[in-house]
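Below is one structure, written out as structure tokens; the observations come after it.
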Amino acid sequence: MDCLGRLLGNLPPVLPSLKEQIEEYLITPEELPIHDPVHSRRWFPRKPEPIRLYSISLFPPSTCLEVERDPATGDITGLREVLNKDAGATAKNSSSMRRAPGPPEETVRGSSTNFPFWPGGFPEPVLVKESVEAEFQLDSENYIAKHPKLSRGMTFEKPEKVPEKEEEKPVQKATEMVVSITDMLKVDESVLKIFDEKEEKAPSKELNLTLEGLNEEDTTLVKNFNIEAPPKKEEFVLNISEPPKYSPVQEQGTEWVENIDVNAPVDEYNSQVPNPACTYPFELDIFQKQAILHLEKHDCVFVAAHTSAGKTVVAEYAIALTLKHMTRAIYTSPIKALSNQKYRDFKIKFDDVGLLTGDIQINPKASCLIMTTEILQSMLYNGSDLIRDLEWVIFDEVHYINNAERGHVWEEVLIMLPSTVNIVLLSATVPNTIEFADWIGRIKKRKIYVISTSKRPVPLEHYLYTGTGGKSKDERFLLVDASGNFLTKGYNAALAAKNERKKNQQTQGPKHGKQHMGEKQERNMWIGLIDHLSRRDLLPIVAFTLSKKRCDSNANQLMSQDLTTNREKGEIHAFIKRCIDRLQGTDKELPQVIYMRSLLMKGIGVHHSGILPILKEVVEMLFAKGLVKLLFATETFAMGVNMPARCVVFDSIRKHDGTGFRDVVPSEYIQMAGRAGRRGLDTTGTVIILCKNDVPEMSNLHRMMLGKPTKLESQFKLTYSMILNILRVESFSVEDMMKRSFSEAVQMAHQSEYETELRLAEVKLSKEPEFQCMMCKDIEDYYIAAKEYVDQRKMIFKSLFVYPGVMRVMTPGRIIIICYKQYQLYLACLLKIDTKVNNKLTVFILKGRSENASFLAEELKTKEAYSACQEKFEVLEDTSEHMCLEISPEHLAAITNKTIKVNAEKVIDNIKKREIPRFRNDPPTQSVMDVVGELQRLNESGGENISILSLTKDLGVREIKAVLQIETLEVLKSKVMERSCLECTQFKEHFSHTFVRYNLKERIGRLKFLMSEEALQLHPEYQMRIKVLKRLGYIENNNTVTLKGRVACEMGNHELMVTELVLENVFAESPVEIVAALLSSMVFQQKNCSKPTLTPELEKGINKFKDVAENIGKIQKECGLPEPVGDFVDQFNFGLTEVVYQWASGLPFSKIMELTDVQEGITVKCIQRLDETLKDVKNAAHIIGDPNLREKMEAASTAIKRDIVFTPSLYTQ
């Protein structure tokens, strides 16, 4: 280096020395440019440009050009300027499909500030031109001349009249102005030459029509062919932007459902579908072909098929059609695990597949998107632009609509889907498919084609197993054969075998007293059953055990069994290792991981919600490969997963449904038993029910195996989230949603009938003449009072027979007064009371020979209303005839103090005998004549010796409610008798004339009520919830959604609670660990768990949390909602608070599981759902403008998203 320096000499440096620069910077800081006063006060000269204040934004064109064509020739005849209705439409102000797209980040999920797209079946909003014009009319009389606080202002004077000759032509209104683009283009006439040439050629074609060269048949055809005249220009507008209407919109009152006969063969299927979107290597079933034919026609289909029948083929074909048409399809499933599995299955068949769940988003721009129904619900409410391209929505497991907690989501989605979307419904067999499809067709105004299977592709055989191991291990008795016949012989044989064993063991017990055997006995039973089934080649087995604890204990008892070969063990070991290697650090050595590895190596698996998600997926994949020979599973394994087995075993047929123990219902049994029988591999599927202690009752087994599945029923309910999402869009209403729910399907189906009845009633009322009488001015008041009196009397006597005093006097021979049909206030003799059939009364009455037996309904109502003013019973002039009547207690009018001797049985028998045609002319017996004589004497005397028994004093009715009702009846009677119209000598005739008019008015009012929103079942609850939202400030008095309400729209669940916590700043001072721990109470649902150890900070946070919940609960109670305050507070479960706190603090998963007895799978699911809640709160913080809270939620989400809890699904890798 020194040599190089000597050679180069002392050359000047290329760059200044770094050492010198640092010294200068540290020693002389005043020389830095930031301290230069020139830079600290600088003035920039500015030239004023006021024009910049005007923000000029280009508006979309309000009109567009459309080509006019000759309908006969197709030639262009001109251009027409038409109004663009959706000019300026965006996601923030319009529900139109033609609105401008939103920002790219809102394409998939949408935004809570977006308008949803217009739902199919909703009436399109009509803009009334007159109302709009009237709104913008200026009234010069009401101009404000000056500001209230100013002394003077502007004076508006009427303009002087201009002489007629100078009067200008009135300016045409902007709305009526017609701008002709043709006139504007006339400056350059060469532009229109193309149209002039066309117009010249068009008539020449018509003139050159000749019949030369045609045969006789063609000549006749041409002569008879008429070309209709083209429509007027203003009528013929080709709307090229309108989406294609694949199915014709049915008019109201038509049938919305067509049930397809799947037994009829499909003729020429290949010619009807020459270019199928998807092909299969096997012959399709008839129901699959029928479904595909309708999918090709863009029809909506409802496929209700047996388990494992092949419903997935229909879904795959709909997806293939979207790929062919370059549109989109959405496949919805009820649970997240099923979504992951379907993603894997469809990804193999179709490459362009995406997945959307609460915590994962894979390929959201794919043609086929798989998601849970809640995600689709959110996309519809948030106006996702993805809906524009949507052609098919496939609803899998539609029978899940019966789920009490989540079933309402299916109804909301079906209601909100736009008309451009076609629907495919896949379900297990249900008894009311036509009813459900008719509801969908009616609300969507589209025909639904129902395709059902009549039988399973692989029939099932059901057995009872009474063996307990050893010599009895082969005791299996056929109960239901493959044809569906219930074999009593098999049941009796099983019962005899069980009773014989009981005698030998000398053990007795009640039917359901001891649900399970001893541990050793049960182990021997399972070993014997496995050996029995293995020898008959009935493996693999799915053992449905309707309890997580029983699943684990059964599997643990069989650890000594080995059901796999060495080769299978090698496959299992390699697969588990590959999957477990995805875990981090100590997660690989979790006790459940080690336990499940050893269990699976023996060919035994466990599948329930307490198992870690990744281990559940390992079990499912190994079972699908046939490496798991015995799987203990709960009911969720049967939900939609196509993993059939050779044999299904029921450990028990009783389950706990959250409220108590009950037998498995037919739909649940069919869903689980349907896993038996592998199509193409097995001729029959085997289903075995274990009889551990006792053989179940025959009636219970018959009902469970051969009973009808549960009907699809509406679970529609009002949630605050739905109400707020609908209220924020002015063009929708919550009532529109309610009236289209499945619960209102019957009422909606009758709307057209109500409209027809109302129209006829109004016409009839208009033809009724007005009645005038000086004395009968208050006859309408009499009608109202009389009707109330009659209704009150019926209600009282209907509920009177529960009192001992009444039953004591109501014996055969008691004289009563009845009001039944035309027999108003007739004397009657009581013959019998049938207490088994709603206290039906058999009474004996007299009547006239010439009395008409048939009356019109209006005449009967008139007689009934008129009887309200009568003080005594009806005295008959002719009593030559008699008869027996069967009436209900509500037809009683009074009970008298009079009784007569009567042989009731003989009287009834004689009258029934004389009703037979050949005995009709026989004379009455002496017992009948005695009753006739007594009643005739009472009738002739006019009831001199008869008095009416008081219900309270004489019959001993003392209950407060009943006494108040009786007093009300007396008040109503006095109101009736106070009417001055009763003094009119012709009152009866006058009342008969006016009754028709008043009855019509009442009928019209009732029909209008049935057609109104007040008749909706949920309308009272809706009004209560609206009151709650107003009290809490989520909506204003005019139902406008406030900022607080918009925050609540971001929440996935517990929207009121989370919003209140956010806006009351409960999380402001708490660290992220406390926030995550407190919010876990909203997603943790297990009732029984160990009590957590809480820090003082956690206890303080929980108390605040409960205070907020209690406040909401009290307001709900004050507004009329029935939910108790305590129940609302208790729904927030803090059992996992300590676990989540420690997890967010960084503790390993193995350590936090030592803090609780909650199983690993439930803990993981809780933390995963907690992440979704944290995202909701983060979005809320963004809306209210709280960056600190937003950062805190991001930090909390980051703290919990780690390790085994958020390991990606094996199905998505």
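Every letter in the sequence shown is one number past the one before it in the working numbering, and letter 1173, counting from 1, is 1158. Even glycine gets a Cβ: it sits at the ideal position worked out from N, Cα and C. This structure is a prediction, so every number in the text was calculated from the model and none was measured.
Buried/exposed call for residue i, threshold 16 Cβ in 10 Å
i, result
"D381", "buried"
"L815", "buried"
"I711", "buried"
"A842", "exposed"
"H641", "exposed"
"Y767", "buried"
"D284", "buried"
Contact check, residue i vs residue j, beta carbons under 9 Å
i, j, result
"G588", "V604", "no"
"A1165", "S706", "no"
"T571", "P86", "no"
"E720", "L1001", "yes"
"I1200", "T549", "A query on residue 1200 cannot be resolved here, the shown segment of the chain reaching from -14 to 1198 and no further."
"E875", "K783", "yes"
"K1163", "L1155", "no"
"A730", "E420", "yes"
"V1057", "A1184", "yes"
"A618", "R663", "no"
"E998", "M723", "yes"
"C1151", "V1060", "no"
"S97", "E1035", "yes"
"V435", "V409", "no"
"S293", "R441", "yes"
Whole-angstrom distance between residue j and residue i, CA atom to CA atom
i, j, result
"N325", "G339", "10 Å"
"S1194", "P598", "8 Å"
"A74", "L1048", "33 Å"
"D55", "I61", "6 Å"
"C969", "E844", "21 Å"
"V981", "L1017", "49 Å"
"Q700", "T358", "15 Å"
"S437", "N244", "8 Å"
"N1022", "T1044", "20 Å"
"T1122", "D337", "41 Å"
"Q506", "I1097", "53 Å"
"L940", "F646", "45 Å"
"K218", "Q362", "For K218, the predicted structure reports a pLDDT of 36, less than 50, and the residue's modelled location is therefore unreliable. A value from the coordinates is still provided. Using only the alpha carbons, I get a separation of about 43 Å."
"V398", "L365", "7 Å"
Where the alpha helix (DSSP H) containing residue i begins and where it ends
i, result
"S652", "P651 to A658"
"T847", "A842 to Y851"
"A276", "I271 to E281"
"I515", "E504 to R520"
"R905", "Taken as a continuous stretch (DSSP letters only), R905 belongs to no alpha helix (DSSP H), as it is neither H nor E."
"E720", "V719 to K724"
Terminal residues of the beta strand (DSSP E) in which residue i lies
i, result
"R54", "T48 to R54"
"C869", "E866 to I872"
"C632", "C632 to F635"
"G590", "I589 to H592"
"T704", "No beta strand (DSSP E) contains T704, which DSSP labels as neither H nor E."
The ligand NAD heavy atom lying under 8 Å from the CB of residue i
i, result
"K772", "This structure does not include the ligand NAD; it has no bound ligands of any sort."
Contact the region 666 to 684 vs the region 622 to 638: 3+ CB pairs below 8 Å: Yes, the region 666 to 684 touches the region 622 to 638.
Could you tell me whether the region 768 to 778 touches the region 848 to 857, using the rule of 3 or more Cβ pairs below 8 Å? yes
Taking one C-beta from the region 293 to 309 and one from the region 261 to 268 each time, how about it: are there three or more such pairs within less than 8 Å? Segment contact: the region 293 to 309 against the region 261 to 268, three or more CB-CB distances shorter than 8 Å; contact assigned.
Below 8 Å, how does it come out for the region 477 to 484 and the region 528 to 544: are there three or more Cβ pairs, yes or no? no
The region 824 to 831 touching the region 852 to 871, judged by at least three CB pairs closer than 8 Å: yes
Between the region 415 to 424 and the region 742 to 753, can you find at least three pairs of beta-carbon atoms closer than 8 Å? These segments do not touch.
With a cut-off of 8 Å, do at least 3 Cβ pairs link the region 1126 to 1145 to the region 1094 to 1106? Three or more Cβ pairs closer than 8 Å define a contact, and the region 1126 to 1145 falls short of that threshold against the region 1094 to 1106.
Between the region 76 to 90 and the region 344 to 354, can you find at least three pairs of beta-carbon atoms closer than 8 Å? no
Any 3 or more C-beta pairs closer than 8 Å across the region 777 to 796 and the region 934 to 950: yes
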